[in-house]
Every structure is written in C-alpha cells, then in structure tokens.
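**Student:** Residue numbers (my numbering): 1 to 496. Note that beta-carbon positions come from the ideal geometry of N, C-alpha and C, so glycine has one too. Sending over a structure as structure tokens; questions will come in a sec.
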Ligand SMILES: Cc1cc2nc3c(=O)[nH]c(=O)nc-3n(C[C@H](O)[C@H](O)[C@H](O)COP(=O)(O)OP(=O)(O)OC[C@H]3O[C@@H](n4cnc5c(N)ncnc54)[C@H](O)[C@@H]3O)c2cc1C
C-alpha cells in the first residue's frame, strides 16, 4: 500500500508539491475549500471578458521550466509562452513615461537618454544582479530553511556585505535620476517589502526583470494552473474542490488526518498549502508553533484593492502592464509598512492583457485590472473602495489623455475582506510574508512542524517566499523534506 498524503489547498505550492510527491509514489489527495483550484491565481469571467484575479506577471521563466523539466515535460507541452515587447510601461506624468523593452541594449539606451553615463552603472549593477540570480535561484532558494548553515557557502561569505546593505542604497549610490531609481527599485516590491528594507542581495530581481524579461502565457496565468492540474492528475493526484478543512487531527504528537466537511480523512502525512497562520488555527493549542503576537510582529507583504473593469472600447497610451508612478512612493509605502492606513494618493498598477491576447475581451473592447497595494488589516468597506476607484480612474484619464468612465460596462472590486473570506488569509494579505533580512530562509516559519510529527507546510508564508516562482520552489522543497522522512523505498510500503 502506498503512503497517503493529504494536502490542504490547491495553490501553486500545493499543486507543485502534489506532482513531486505523486511522482515519488505517494497516494496524494488535495482538498480545496473553494469551487475552483489554483488559490490566489483565480479567474473572473463575464460577458466575454476574462480577468486573472491574482498574479499577472510571469517572471523567471527558468523556474517554471525547472518545474516542468522535473517531470520530463516543458511548459510548451501545455501552454504557449510569449515574451512581451514592450515588457511594461511606467507613467510618471501626463508627458513623462518610460517604456521598458524586451532587450537589455534597448534598456541601456533608455537609461542614457534620461541620465547620460547611467548605462555604465546599470551594466555593473546587472552583472552583480545576474551573479546573485545564479547563486540564489539555482541553489540557495531550494534549501529548506532548517538552519543558518544552509546559507553559509564560499559565495555568500564573499558577498556577506550584500545582506547588510539595502537595495535602495545600492541603486541610489550610482543612479541619480528619480525615474530610473523608481524603475530599479520596483522589482523588489514583488518580495513584499520596501527597497529601503530589502538586502541588496535581492537585486537578482532586477536581473529577472531586465535580463530574463516579462512573459505572458497565452490565455493568461490560469493556463499555468491548468497545466499543473493536468500534470498532477496524470501522475495520479486526486483533487477535490468545495472541501473545507476544519481540523488537523493529532494523535500521539503525530498528524493522522484532517476533518473535511465534517468527515475524517486519515493520512500518513498532512501537508498544508493554505496560509500558515490559518493552518495553525486548525490545530489544538499545544500543537501551535507560533503565537498571535509572533504573527502580529511580522512584516507581511501588502494586501491590495483590485478592480476588474470591462471597457466598451480599446484604450490608448497604455501597455499590457502599466505602472502609474505619479505619486510619492515613500508616502504610500509608509501607509503600508509604518503606519497601516489608507494612502492619500497611492501608486497603482494596471494590466490590460487584451492588448496582446484576444482571449481576454471581445473584439474592440478592453479588459483592465487595477491594483493598489495596501497595508493588510485596515478597514475595508464598499464606500472606501468606491472612493479609491474614483480617484485612480480620474488620474488614469488625466495621465493617459482619454475618457474611459463612460465606457465602463461593468466592474468588480476585490479587497482585504475578500482575501480573508476566500483564502483564510491573515489580515487579508495578498501575497504572504515579506522577504526582509529577518524573515529570510531559516528565519521564516518552518516547512516542517516543530511540534507535530508528519505535519508539513508549503506556500508563500514559508520558504522561500512570496510569488509564483517561489511557490513552485516551495512545493519542491517540502516534497524533498517529506521524502527525507520516508527515505524513499521504491513502493513506499514501509513508513520509517
Ligand atoms: C492580487 C495578486 C497579485 C499577484 N501578482 C503576482 C504576480 O504578478 N506574479 C507573481 O509571481 N506572483 C504574484 N502574486 C503572488 C502569487 O499569486 C502567490 O504568491 C501564490 O499564488 C501563492 O500560492 P500559494 O500556493 O502559497 O497559496 P494560495 O494561492 O493562497 O493557495 C492556498 C489555497 O488554500 C486554500 N485553503 C485555505 N484554507 C483552506 C481550508 N481550511 N481548507 C481547504 N482549503 C483551504 C485556499 O482557498 C487556496 O486555494 C500575486 C498575488 C495576488 C493576490
């Protein structure tokens, strides 16, 4: 008989883990509370329009390839991947914007145009970023975060200063133009923290941005979920939706099953890809590893206010990915990290995938997603959401020089309360626990419970961190840890 693994949740990390574990010969079942799989990567469709409700940026294509290659497949076996050109646009004022192209040489020219001599500095910066990418993504991020020793390698010892200098300082040391600084500081926002609080070692995100480029899976991010589901089921994983897990059963300090919609499902291993804080609420008190004050003291990645908007016409002066940096970033960031509150004038991001992918909107129309990063846990009401919609759509019209309000066919908002209801997200965070120095690697919540045997965790609150590529990596890391425990006997007939 195969050993049985039950997985809570069906986000990227759970799906990735399920594939590895099924390929290793375990009997794997996924229990998802919602009526569709994919976790935060869900889709909203209406009247011929489609919106990726969660992730929209496909960065680090090599990490996705690594995942598919582990099963002797390629992403192209499942979906078509296009490199976006331009990658994205950043709008600073009605008259000032920067378009980031798909090749590094074109990006150097843009930098020279705004700040003569800056391309030389950018070149040196990207050399270091590329080196860090090789060290981090090919090696360090695949380590389980069990101990500091994992991070001590000849390379990290040589680069130890980069863990104590911030990305902000490194960028501002050489580059002086405020627009170029914003563009170089933007990628680390994906890690969920301020550039002034993120170690410069994380400049590998700049290599991901300029060096590897921005990609788009035709049909949208949900195609990646479809691919993983197809791979998982072909490997024998059973996936059940509308299955709310309300308890993890512990016997003799060992996880022995879960309660799903009131029924007991027995298991040899319980693995949770649901938010870590929520998973611990499924345990009786003595089995929780982290207190409420522990979670409260942590720096969470932002939550978001999102609007999914259907426009009755094509829009101008925007790209597939467009960032609106016409506001003071530091003021906005202070409301997220220092003094949790609604920002007066937030920066925002908008995505119009129907510009490059006809599957997102009917002909002659545009599908737009607008995102404002916010502090998790602040008040969320319909009237607040509406006020912010009015603000950003007004700025959007002014900055892009077009009227769009009268062309809105419908819109849907999504914010903190939805993240809590839909995903059991701590304080409604959108993408997990930030990757600041004190919350990196072995300092993150552990992948294996310290109190309950046979209980494991995966996803954006444990190692390596927030984002789709890290979630794929997290699924691999946890499967390796589980395999270590079982010492992989060919048919898993014996539990060690
Ligand atoms: C708006 C937004 C934009 C983003 N943009 C990007 C981007 O552009 N690029 C990028 O790389 N990343 C982006 N991210 C981050 C990325 O989406 C996440 O890091 C990743 O999807 C997290 O996957 P996960 O497996 O950790 O968790 P999740 O996707 O949260 O999956 C957890 C699952 O567990 C389920 N669950 C919870 N409780 C229970 C229970 N009791 N019983 C059963 N099931 C349960 C939930 O319903 C959910 O399906 C974005 C996230 C958001 C929200």
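1. Can you tell me whether residue 439 is buried or exposed, with buried defined as 16 or more other CB within 10 angstroms of its CB?
2. Ignoring anything shorter than 3 residues or poking outside the region 404 to 475, list the beta strand (DSSP E) runs there in chain order.
3. May I have the straight-line CA-CA distance separating residue 267 from residue 248, to the nearest angstrom?
4. Taking the alpha carbon of residue 444 as the reference point, which residue from 146, 194, 130, 70 has its own alpha carbon closest?
5. Give me the residue from 108, 204, 66, 84 with the minimum Cα distance to residue 132.
6. Alpha carbon to alpha carbon, how far is residue 398 from residue 201? Give it in angstroms, no decimals.
7. According to the Cβ coordinates, are residue 324 and residue 110 closer than 7 Å?
8. Comparing alpha-carbon positions, which option in 367, 486, 274, 468 lies nearest residue 419?
9. By DSSP's criteria, residue 33 is part of a beta bridge. Which residues make up the other side?
10. Is residue 295 a contact residue of ligand 1, with contact defined as CB to any heavy atom under 6 Å?
11. Measure the alpha-carbon distance for residue 462 versus residue 116 and round it to whole angstroms.
12. Taking the alpha carbon of residue 20 as the reference point, which residue from 228, 140, 468, 57 has its own alpha carbon closest?
13. Output the residue ranges of the beta strand (DSSP E) runs that lie fully inside the region 260 to 304 and measure 3 residues or longer, sorted by chain position.
14. Shortest alpha-carbon distance to residue 354 belongs to which of 335, 381, 6, 314?
15. Return helix, strand or coil for residue 63, following the three-state DSSP convention.
16. Flag residue 253 as yes when its Cβ comes closer than 6 Å to any non-hydrogen atom of ligand 1, and as no otherwise.
17. Between residue 39 and ligand 1, is the CB less than 6 Å from at least one heavy atom?
18. Have a look at 175, 66, 239 and flag the residue whose alpha-carbon is nearest the alpha-carbon of residue 124.
19. Beta-carbon within less than 7 Å of residue 385's beta-carbon, same chain only, minus the 5 sequence neighbours each way: which residues are those?
20. Checking the sheet assignment: what are the DSSP bridge partners for residue 215?
21. For residue 493, I'd like the list of residues in its chain whose CB is within less than 6 Å of its CB, leaving aside the five on either flank, ordered along the chain.
22. Taking the C-alpha atoms as reference points, what is the distance between residue 481 and residue 406?
23. Nearer than 6 Å: is that true of the beta carbon of residue 430 relative to any heavy atom of ligand 1?
24. Starting from residue 163, trace the alpha helix (DSSP H) in both directions and tell me its first and last residue.
25. Count the other C-beta atoms from every protein chain shown that fall within 10 angstroms of the C-beta of residue 479, then say buried if there are 16 or more, exposed otherwise.
26. Note down, in chain order, each residue of its chain lying with its Cβ closer than 7 Å to the Cβ of residue 483, except the 5 sequence neighbours on either side.
27. What residues in its chain sit with their C-beta under 7 Å from that of residue 454, if we drop five residues either side in the sequence?
28. Can you give the beta carbon distance from residue 18 to residue 28, rounded, assuming they're within the 8 Å contact cut?
29. Cutting at 6 Å between CB atoms, please list the residues of its own chain near residue 195, excluding the five before and the five after it.
30. Using a Cβ-based criterion (distance less than 6 Å to any ligand heavy atom), does residue 511 qualify as near ligand 1?
31. Ignoring anything shorter than 3 residues, give me the beta strand (DSSP E) runs that lie fully in the region 295 to 355, in order along the chain.
**Tutor:** In brief:
1. buried
2. 408 to 414, 455 to 457
3. 10 Å
4. 146
5. 204
6. 38 Å
7. no
8. 274
9. Looking at the DSSP assignment, residue 33 forms no beta bridge with any residue, so it has no partner.
10. no
11. 42 Å
12. 228
13. 263 to 266, 269 to 272
14. 314
15. helix
16. no
17. yes
18. 175
19. 305, 413, 415
20. 58, 83
21. Here the model assigns residue 493 a pLDDT of 46, short of 50, so the residue's position is not dependable and the matter cannot be decided.
22. 55 Å
23. yes
24. Here residue 163 belongs to no alpha helix (DSSP H), and DSSP marks it neither H nor E.
25. buried
26. 24
27. 254, 255, 268, 269, 270
28. 5 Å
29. 167, 168, 185, 188
30. Residue 511 cannot be examined here, being either before or after the span of the chain that is shown, 1 to 496.
31. 303 to 311, 321 to 324, 348 to 351
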